[in-house]
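Residue numbers (the numbering used here): 671 to 806.
Yeah, the Cβ is synthetic: ideal placement off N, Cα and C, and Gly gets one too.
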């Protein structure tokens, strides 16, 4: 009698099933990691805008316009043009400067994912304390 070497159809089907289950679990996890990596570009731009806003407040003080536009802060389109985000994705929805003995700047800078192909979150905000807020 010959001894046969190889796998049976059932064994192959079980392996294919296991690989399918692993792929079904891994793909959403990978998509989340990819989106997170893409958002790092957006967050970097927000940090740059926040720094420019602080410099604007230090220079202009209470005489400045709040919230200033990105153009007033000295940005041009190529300054915030990355792989996933452009200047159109960034905004300053709120900013205020209170003059006095202890002047205070409060602000929120925002980056949205419109036109980026990133699924979640839809926007990220950065405030004057350095706190990040993600909106799903």
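- Here residue 760 carries a strand assignment [DSSP, helix/strand/coil].
- Within a 10 Å sphere around the beta-carbon of residue 737 sit 16 or more other beta-carbons, which makes this residue buried.
- Residue 733 and residue 692 have their C-alpha atoms some 60 Å from each other.
- Of the candidates 788, 794, 722, 688, 788 places its Cα closest to the Cα of residue 753.
- Only buried fits residue 712, as 16 or more other CB atoms lie within 10 angstroms of its CB.
- Here DSSP, grouped into helix, strand and coil, assigns residue 701 to helix.
- The residues 791, 792, 793, in chain order, have a CB closer than 7 Å to that of residue 805 in the same chain once the five nearest residues on each side in sequence are set aside.
- About 5 Å separates the beta carbons of residue 759 and residue 782, which is inside the 8 Å limit, making them a contact pair.
- Taking the C-beta atoms as reference points, residue 779 is found nearer than 8 Å to residue 719.
- Under the DSSP assignment, residue 674 falls outside any beta strand (DSSP E); it carries neither an H nor an E label.
- The C-alpha of residue 774 lies about 32 Å from the C-alpha of residue 706.
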